[in-house]
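In what follows, a structure is listed as structure tokens, so that the remarks can point back to it.
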Amino acid sequence: SGSTHLLGPLAGQVMLALVARDAAATVDDLAAALETPAAVQASDWTASIEDVLSEFERLGLALPDVR
360 SGSTHLLGPL
370 AGQVMLALVA
380 RDAAATVDDL
390 AAALETPAAV
400 QASDWTASIE
410 DVLSEFERLG
420 LALPDVR
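Per my numbering, the very first residue in the sequence shown carries number 360; after that it's consecutive.
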């Protein structure tokens with residue numbers, strides 16, 4: 360979309376994890392695939408990933424998998 364340069368480092372990691380999966384992933388799937396920083400609580404980590412996914416949706420980079 361031309362807006363990927365606006366994304367932060369975590370967004371880059373999430374994008375790479377999604378591309379590597381080549382399938383839908385839950386927040387928990389992504390959290391498990393990414394290394395959680397030692398100083399971050401698990402709930403804060405998943406909330407950060409959820410924020411990234413919301414931004415991806417807003418930018419049209421990813422769509423939620425509604426089953």
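C-beta atoms are modelled at their ideal positions from N, C-alpha and C, and glycine is treated no differently.
Burial state of S413 (16 or more Cβ within 10 Å): Within the sequence shown, residue 413 is the residue found at index 54, counting from 1. Burial is judged here by how many other beta carbons sit within 10 angstroms of a residue's own beta carbon; S413 has fewer than 16 and is exposed.
Boundaries of the alpha helix (DSSP H) in which P368 is found, first to last residue: Here residue 368 is taken as the residue at index 9 of the sequence shown, counted from 1. It spans P368 to R380 - the alpha helix (DSSP H) in which P368 sits, taken as one unbroken run.
Thinking L422 and I408 are a contact (beta carbons under 8 Å), I'd like their distance in whole angstroms, please. Counting from one through the sequence shown, the residue named residue 422 turns up at place 63. Counting from one through the sequence shown, the residue named residue 408 turns up at place 49. Going by Cβ atoms, the distance from L422 to I408 rounds to 16 Å, so no, they are not a contact pair.
Please give me, in chain order, every unbroken run of the alpha helix (DSSP H) with length at least 4 that falls completely inside the stretch 382-422. The qualifying runs are 386-392 and 401-418.
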